[in-house]
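Encoded as C-alpha cells, the structure appears first; notes follow it.
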Amino acid sequence: MEEGLEGVFGRHAAIGQLTRDRIRELGLELLVSDERYASNTVTAVKMPEGIDGRALMGRMRTEKNVVLAGGQGKLSSSIFRIGHLGHVTEDDIEEVIDALKDLLPEVGFRAS
Numbered sequence: 243m244e245e246g247l248e249g250v251f252g253r254h255a256a257i258g259q260l261t262r263d264r265i266r267e268l269g270l271e272l273l274v275s276d277e278r279y280a281s282n283t284v285t286a287v288k289m290p291e292g293i294d295g296r297a298l299m300g301r302m303r304t305e306k307n308v309v310l311a312g313g314q315g316k317l318s319s320s321i322f323r324i325g326h327l328g329h330v331t332e333d334d335i336e337e338v339i340d341a342l343k344d345l346l347p348e349v350g351f352r353a354s
C-alpha cells in the first residue's frame, strides 16, 4: 500500500514529536525548544554539562548498536542529533531512548 506524500509528512511529524517528547522525559534539553521551529527529520539534543559526548556516542554505537550524530561547527561538542527521516518507526525511536536511558547514568548524567 502506498503511503502518499501526506502520509509521509504525517508520519515524520508524529515520529519527530515522539522523539522530542521522549527526550524531554529523560530530563534532556532540546537545542530548539520552540515546537514551531522543531524539525520533523532530526532532533538536536544539548549535551548535558560534564558529559563527554564522544564517549556517550561511542558507547551508544559499540554497546547498543545505535548511531547518534554529533554536532557540526561550533556545536560539535555541545549537541548530539537523532535522525528520524525515512523509514524510522516508533520502535526505532524507543530503542534509541532505551539505550540513552541505560547509558546516560553510566557516563554521569543525573536528571534534575
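The sequence shown maps to residues 243 to 354 in our numbering.
For every residue, glycine included, the Cβ atom is placed at its ideal position computed from N, Cα and C.
When the Cα atoms are used, Gly246 and Glu271 turn out to be separated by approximately 33 Å. Restricting attention to alpha helix (DSSP H) runs no shorter than 4 residues, the stretch 243-321 encloses them at 246-267, 295-306, ordered along the chain.
Contact annotation: the stretch 324-334 does not touch the stretch 292-306, with fewer than three C-beta pairs closer than 8 Å. Leu273 and Asp334 have their C-alpha atoms roughly 21 Å apart. Distances from the CA of Ala256 to each of Met302, Val349, Val284, Leu346 were compared; the closest alpha carbon is that of Val284.
When the alpha-carbon of Asp276 is set against those of Leu268, Gly312, Arg262, Gly269, the nearest one is in Arg262.
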